[in-house]
Each structure stands twice: as structure tokens, then as C-alpha cells.
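Chains as they are written, first to last, in the UniProt record's numbering: chain A, 1 to 339; chain B, 1 to 339. Built from N, CA and C at the ideal position, the CB exists for glycine as well. Report on one structure; see the data block that follows.
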């Protein structure tokens with residue numbers, strides 16, 4: 001049997017360990033795209049200190065490419081393109097990033113990324129391709145080409161439903177990918193209801209993660225200042241309402257569980273960490289995509305709307321800081337009439 | 001005729017120039033309370049570089065005290081207590097700060113401070129005293145005891161209506177204070193409708209100042225990111241609605257005027273400057289007091305409410321930074337049930 005051809009895009013802490021798991025299994029030929037550390041990694045590989053795979057002083061996958069174009073130019077038809085980049089469609093659209101490596105009707109896209117309704121732009125662009133979902137619970141970081149994995153690689157795999165393909169085929173495709181990726185070191189399993197799971201995550205991410213990013217306090221201080229109860233909990237009720245309108249019933253005590261999930265920690269959620277580091281936040285996939293669905297289902301979400309529109313200003317500044325937006329030195333005078 | 005006894009509390013850039021204007025006029029005996037620079041100022045006075053009064057290398061008022069208690073202990077009955085501190089009732093209540101120097105039924109309080117409905121706690125505590133309002137348009141800063149006044153001292157004086165006193169008496173008292181303070185260098189005038197004027201200022205301060213403080217962008221970037229139109233303009237409509245319910249008609253084009261007031265500048269409003277400096281923000285007097293009135297008048301203000309509750313978290317962190325709030329090193333585990 002020929003090995004499956006897998007191209008992984010995004011070799012941060014998560015992506016590198018996913019690639020590691022695929023290579024360890026020996027069922028796939030694993031290629032990766034490395035942007036910033038290409039030269040170093042091409043020559044010396046990664047140093048990986050992993051709680052799952054031990055100390056790998058110079059780990060390399062089968063092929064290393066500096067760009068997706070370079071990976072496409074070698075003429076391989078990829079069976080899977082696994083995306084483990086941050087998902088920032090307002091900076092660069094992931095379905096465009098992956099495009100050169102995707103063969104229509106052939107390549108399965110696997111999105112191991114944070115966020116909600118991530119499959120929609122891929123299915124719109126590649127209606128004949130499978131699009132899988134991976135929700136990762138790993139703890140792993142890339143510090144300049146040195147990977148430090150401190151929490152076990154646990155990943156729940158499912159599919160973003162593509163109405164052009166049969167459900168059974170899609171489920172089978174998810175299980176085929178699990179077969180490539182799952183091994184005796186990691187915990188990769190099939191989770192049937194991706195929609196339920198991603199709504200469940202939003203109860204935290206769309207409400208606490210966003211409010212902390214905006215106000216720059218951890219979840220503990222958010223509670224002490226009263227903002228948790230005045231803002232985040234009403235926002236959680238809105239997430240639950242959208243889910244319900246979308247046919248997803250979340251557990252009755254979900255709010256209590258979510259609020260208590262950081263008990264005992266002054267915990268800084270991922271968006272706050274990004275804001276503090278000056279990195280663009282995953283605003284569109286964590287909150288923007290939810291609001292698109294809310295509008296389609298005609299559910300009102302005033303608290304989430306306001307969090308979103310306020311975070312647009314935060315995101316503007318983060319993008320400007322990264323040179324992604326250029327603001328002229330002199331502010332021009334607008335003639336617009338505001339009312 | 002005896003000179004009026006005036007005690008001024010708060011010798012920042014604004015307060016020092018107000019004191020300067022009173023001294024210049026020679027109609028009052030002017031005492032001031034100086035907290036941080038007391039020793040230096042008591043000995044050497046202030047160096048003032050003023051666009052109104054010129055260069056004063058070692059300016060001193062008639063009396064300098066280190067505390068309000070010290071000013072009260074000398075046995076003088078103050079005709080006026082002028083407050084030019086920042087107004088931060090969630091840190092320290094100004095009506096308590098001034099208390100030792102206030103003689104019931106005698107001392108007129110003059111609040112030359114930012115914010116809305118500032119008279120309420122003074123009138124509640126001192127129902128037989130006059131409470132005047134000063135809205136200052138000066139540009140002046142205190143850099144470690146050196147005062148740099150770059151914009152003309154223009155001040156509009158009126159009264160916060162005290163229902164226990166006659167309107168004519170209150171107007172007369174405002175004009176009496178103007179007579180002490182107004183001189184040939186400054187522009188101090190009577191403005192009949194303090195409520196109108198302070199609502200008018202809120203159209204900017206409760207909406208743009210707050211949103212910029214929260215998102216940490218200037219008003220120009222707030223417009224470019226879309227947050228101005230999505231958040232601040234709806235908030236302006238809410239201010240106008242509260243004003244209307246309170247009997248105050250703002251001009252039809254007020255929103256357009258307010259939005260264009262920073263045209264051509266990447267302008268950072270005062271609350272954003274405070275956030276960047278790590279200073280507590282005037283959240284309660286700029287936004288909290290407005291929401292109290294909105295609740296009394298049963299006007300819904302969902303956008304302003306959310307801005308307020310989010311800024312409570314910002315304020316929490318600012319107060320913690322100044323040692324005004326103590327957060328334990330270990331976060332305790334709450335047993336509260338959230339729903």
C-alpha cells in the first residue's frame with residue numbers, strides 16, 4: 001500500500017507535534033511548510049522536548065518546504081492538507097493559503113485550529129473536497145525552532161459537514177485520517193458532533209476570552225471587577241441561544257462549568273496572551289463567524305455584537321503594530337456627515 | 001470690605017492657574033492644599049510658565065497647607081472651597097475630602113472638574129450649601145511643581161441646582177464667585193444651563209473617550225476600525241435620549257459636530273491618556289453618574305451600560321496598579337453557582 005501524502009502547514013507548537021505523531025506512525029509521507037525558521041530547520045531539524053515522544057534533538061519530517069507553492073511545485077498530489085496555523089481570515093484567508101496544494105475532489109483539508117464554523121469558506125471554495133475538524137487539547141510551544149510539549153496531545157477529530165458529500169463518506173474520511181495520526185503516544189479519537197463541541201467551546205471563548213482581551217485582565221480579575229457577571233454571563237446566554245436556534249442543546253449547567261473552569265488560577269486566555277504579545281487575535285473565527293450564524297438564524301446578540309465591534313479596534317491596532325495596516329502620519333479630514 | 005476666604009484643593013495644572021487667577025485679582029485670601037509637592041512648594045513656590053500670567057519664577061498663594069485638615073485647623077471659615085482634583089468617587093469621595101473645610105450653611109463648594117451630575121453627593125451631604133459648577137477649557141500641566149499653561153484659562157461657571165435654595169440666590173452666588181475669579185487675563189463667564197452643557201460634553205466623553213480608553217486607540221483609529229460607527233455613535237444616541245428624558249434638547253447635528261471635533265488629529269482623549277499612564281479613570285463621573293440618571297428616568301442605554309461594565313475591569317486593573325486594590329497571590333476557589 002502506498003503511504004498517504006500529507007502536507008502540514010503551520011509548524012508552531014501544535015503543528016510540529018501533529019507532524020511528529022504522523023511521522024511516528026509511519027503510515028504517511030509527511031511534508032511540512034516552514035516559514036520563519038526554514039533554513040535552520042531544513043539543515044538541523046527541530047529540537048523537540050515532548051511529554052509524548054521524549055527528547056528528539058534533530059527531528060525532521062520527510063520533506064520540508066519554505067512555502068506552499070514550493071510544496072505544490074514538486075508535483076505530489078496531497079491526500080491531506082493539515083492546517084495548524086492560527087486562523088486569521090482578516091489577515092490572510094486559510095483557504096487561499098492552502099490553495100496551491102489542494103487538488104479538487106481529491107485533497108482532504110484538516111483544520112486543527114481554534115474557532116467556529118471554520119469549514120464554511122473551504123467547502124464554498126472546494127465543494128467536492130472533504131473538510132475535517134480537529135480540536136486539539138495539547139500544550140505545546142515553539143520557541144525559535146525548539147518545541148516544548150508539556151501537555152499530552154489529545155485531539156478530537158470530526159468533519160465540517162459538506163452538503164455535497166454523504167455523511168457516511170465524511171465520517172469514514174475522518175476515521176481514515178485518525179488512522180494515520182493516532183498512535184500509542186497520543187490520544188486521537190472520533191467525536192461525532194463537531195458543531196456541538198465547537199459551540200461548547202464558544203461559551204468560554206466568545207465571552208471570557210474576548211472580554212479579557214478587551215479589558216486586559218485575567219478571568220479571575222474579570223470576576224472580581226464585576227465584569228464577568230455584567231458582561232460575560234449575558235454573552236454566554238447569547239451563545240446558548242444561537243446554539244439552540246442552530247439545533248444544538250448545550251448542558252443546563254454549562255455556564256457554571258465554564259466560569260469555574262479557571263478556578264484557583266489567575267488565568268489569561270489565549271486572546272489576552274496574543275494582545276499582550278502584540279499578535280493579531282483570532283477575532284473572526286472565535287466571534288465573527290458566530291455572529292454570521294446568529295444573523296442567519298435571526299438571533300439577537302447585542303452583548304456579543306458590542307464585544308466584537310470593540311475588539312475590531314483592538315485588532316486594528318494589533319495589525320498596525322505588525323505592519324499589516326498602514327496609517328498615514330497626517331490624519332485626513334473626513335467630509336462624512338455623522339448622525 | 002473683608003477679602004473672601006478661598007481654599008483650593010488640587011494643585012495640578014488647572015488648579016494652580018485657577019489659584020493664580022484668584023490671587024491676581026486681589027479680592028480673595030487664597031489658601032491651597034498641596035499633597036505631593038508640599039515641602040518644595042512651601043519653601044520655593046511654583047515655577048509657572050503661563051500664557052495668561054507670564055513667567056512667575058516662585059509663585060505662592062496666601063497660604064499653603066499639606067492637608068485639608070491642616071487648612072481647617074487654622075480656624076478660618078472658608079467662604080469657598082474650590083475643588084480642582086480629579087473626581088474619582090470610587091477611589092475617594094470628593095465630598096469627604098472637602099469635609100473638614102466646609103462650614104454648614106456657609107461654605108460654597110465650587111467643582112471645577114470633569115463629569116456629570118457632580119453636585120448630587122455634595123447637595124445630599126450639605127443641603128444648605130451652594131454648589132457651583134466650573135467647566136474649564138484650559139490647557140495646563142504640572143510637571144513636578146513646574147506649571148506649564150499653554151492654553152488660555154476659559155471657564156464657564158454655573159450652579160448645580162440645590163432644591164433647598166432659591167434659583168436666584170444660586171445664580172447670584174455663581175456670579176459672586178465669578179467676580180472673585182474673573183480678571184483681565186482669563187475668560188470666566190456665567191453659563192446659565194449647566195445641565196445642558198454637561199450633557200453636551202458627555203456626547204463626546206461618555207462615548208468616544210470611553211471607547212478609546214477601552215480599546216486603547218485614538219479617535220482617528222476608532223473611526224478607521226469601524227468601532228466609531230458600530231459602538232460610539234449608537235452610544236451618542238443613548239446620551240441624547242437620556243438628555244431628552246431629562247428635559248435637555250441637544251442640537252440636531254451634535255453627533256456630527258462631536259465626531260468632527262478631532263478632525264485632522266490622531267487625538268487621544270483624557271481617559272485613554274490616563275489608561276496609558278496607569279492612572280485610574282474618571283469612569284464614575286463621566287459614565288456611571290449618567291447611568292444613574294438613565295435608570296431614574298427609565299431610559300434604556302444598552303451600549304453605554306456595556307461600555308461602563310467593561311471599563312470597570314480596566315479600572316480594577318488601574319486601581320490594583322496604584323495599590324488601591326489588593327489581590328491575593330493565590331486565587332480562591334468560589335463556590336458560587338453561575339447561571
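Length of the line joining the Cα atoms of residue i and residue j
{"i": "residue 31 of chain B", "j": "residue 7 of chain B", "result": "5 Å"}
{"i": "residue 264 of chain B", "j": "residue 331 of chain A", "result": "5 Å"}
{"i": "residue 236 of chain A", "j": "residue 112 of chain B", "result": "42 Å"}
{"i": "residue 161 of chain B", "j": "residue 240 of chain B", "result": "21 Å"}
{"i": "residue 158 of chain A", "j": "residue 181 of chain A", "result": "13 Å"}
{"i": "residue 99 of chain B", "j": "residue 314 of chain B", "result": "30 Å"}
{"i": "residue 9 of chain A", "j": "residue 107 of chain A", "result": "14 Å"}
{"i": "residue 187 of chain B", "j": "residue 138 of chain B", "result": "10 Å"}
{"i": "residue 18 of chain A", "j": "residue 267 of chain B", "result": "47 Å"}
{"i": "residue 130 of chain A", "j": "residue 84 of chain A", "result": "17 Å"}
{"i": "residue 259 of chain A", "j": "residue 338 of chain B", "result": "7 Å"}
{"i": "residue 86 of chain A", "j": "residue 114 of chain A", "result": "8 Å"}
{"i": "residue 327 of chain A", "j": "residue 201 of chain B", "result": "28 Å"}
{"i": "residue 183 of chain B", "j": "residue 26 of chain B", "result": "10 Å"}
{"i": "residue 245 of chain B", "j": "residue 43 of chain B", "result": "52 Å"}
{"i": "residue 49 of chain B", "j": "residue 140 of chain B", "result": "10 Å"}
{"i": "residue 59 of chain B", "j": "residue 175 of chain B", "result": "27 Å"}
{"i": "residue 316 of chain B", "j": "residue 142 of chain B", "result": "26 Å"}
{"i": "residue 153 of chain A", "j": "residue 334 of chain A", "result": "52 Å"}
{"i": "residue 413 of chain A", "j": "residue 262 of chain A", "result": "Because residue 413 of chain A is not part of the residues shown, which for chain A are 1 to 339, the question remains open."}
{"i": "residue 281 of chain A", "j": "residue 324 of chain A", "result": "13 Å"}
{"i": "residue 61 of chain A", "j": "residue 308 of chain A", "result": "39 Å"}
{"i": "residue 249 of chain A", "j": "residue 116 of chain A", "result": "16 Å"}
{"i": "residue 3 of chain B", "j": "residue 287 of chain B", "result": "38 Å"}
Residue i - containing beta strand (DSSP E), residue span
{"i": "residue 130 of chain A", "result": "First-last for residue 130 of chain A: undefined, no H or E at that position."}
{"i": "residue 312 of chain A", "result": "Careful: residue 312 of chain A lies outside any beta strand (DSSP E), inside the alpha helix (DSSP H) at 302-321."}
{"i": "residue 217 of chain A", "result": "Careful: residue 217 of chain A lies outside any beta strand (DSSP E) and carries neither H nor E."}
{"i": "residue 22 of chain B", "result": "No beta strand (DSSP E) holds residue 22 of chain B; the alpha helix (DSSP H) holding it covers 13-25."}
Min CB distance residue i to chain A below 8 Å
{"i": "residue 264 of chain B", "result": "yes"}
{"i": "residue 322 of chain B", "result": "no"}
{"i": "residue 309 of chain B", "result": "yes"}
{"i": "residue 214 of chain B", "result": "yes"}
{"i": "residue 303 of chain B", "result": "yes"}
{"i": "residue 133 of chain B", "result": "no"}
{"i": "residue 29 of chain B", "result": "no"}
{"i": "residue 306 of chain B", "result": "yes"}
Interface flag, residue i vs chain B, CB-CB below 8 Å
{"i": "residue 313 of chain A", "result": "yes"}
{"i": "residue 331 of chain A", "result": "yes"}
{"i": "residue 210 of chain A", "result": "no"}
{"i": "residue 340 of chain A", "result": "Residue 340 of chain A lies beyond the stretch modelled for chain A, which goes from 1 to 339, so this question has no answer here."}
{"i": "residue 8 of chain A", "result": "no"}
{"i": "residue 270 of chain A", "result": "no"}
{"i": "residue 339 of chain A", "result": "yes"}
{"i": "residue 316 of chain A", "result": "yes"}
{"i": "residue 283 of chain A", "result": "no"}
{"i": "residue 334 of chain A", "result": "yes"}
N-terminal and C-terminal residue of the alpha helix (DSSP H) that residue i is part of
{"i": "residue 41 of chain A", "result": "38-44"}
{"i": "residue 270 of chain A", "result": "270-277"}
{"i": "residue 139 of chain A", "result": "Per DSSP, residue 139 of chain A belongs to no alpha helix (DSSP H); it is in the beta strand (DSSP E), 139-143."}
{"i": "residue 170 of chain B", "result": "167-181"}
{"i": "residue 233 of chain B", "result": "233-245"}
{"i": "residue 201 of chain A", "result": "194-204"}
{"i": "residue 103 of chain B", "result": "Note, residue 103 of chain B: premise wrong, no alpha helix (DSSP H); not H, not E."}
Residues, ordered as in the chain, of the segment 170-204 of chain A that lie near chain B by beta-carbon distance below 7 Å: none
Under 7 Å (Cβ pairs) to chain A, residues found in the segment 216-242 of chain B: 216, 217, 220, 221, 222, 224, 225, 226, 227, 230, 231 and 233
Stretch pair the segment 196-216 of chain A + the segment 296-308 of chain A: three plus CB contacts closer than 8 Å: yes
Chain-ordered residues of the segment 90-103 of chain A with a beta carbon less than 9 Å from chain B: none
Contacting positions in the segment 65-93 of chain B - beta carbon closer than 7 Å to chain A: none
Stretch pair the segment 107-122 of chain A + the segment 87-97 of chain A: three plus CB contacts closer than 8 Å: yes
Chain B contacts made by the segment 249-264 of chain A, where a contact means CB separation under 7 Å: 255, 256, 259, 263 and 264
Near-chain A residues of the segment 34-60 of chain B - C-beta to any C-beta below 9 Å: none
Any 3 or more C-beta pairs closer than 8 Å across the segment 250-265 of chain B and the segment 66-85 of chain B: no
Cβ contact (3+ pairs, closer than 8 Å) linking the segment 183-203 of chain B and the segment 283-293 of chain A: no
Residues in the segment 115-126 of chain B having any Cβ partner in chain A nearer than 8 Å: none
The segment 271-288 of chain A / the segment 220-230 of chain A touching (three or more Cβ pairs under 8 Å): no
Contact between the segment 42-55 of chain B and the segment 314-323 of chain A (3+ Cβ pairs under 8 Å): no
Meets three-Cβ-pair contact criterion under 8 Å: the segment 210-217 of chain B and the segment 168-181 of chain B: no
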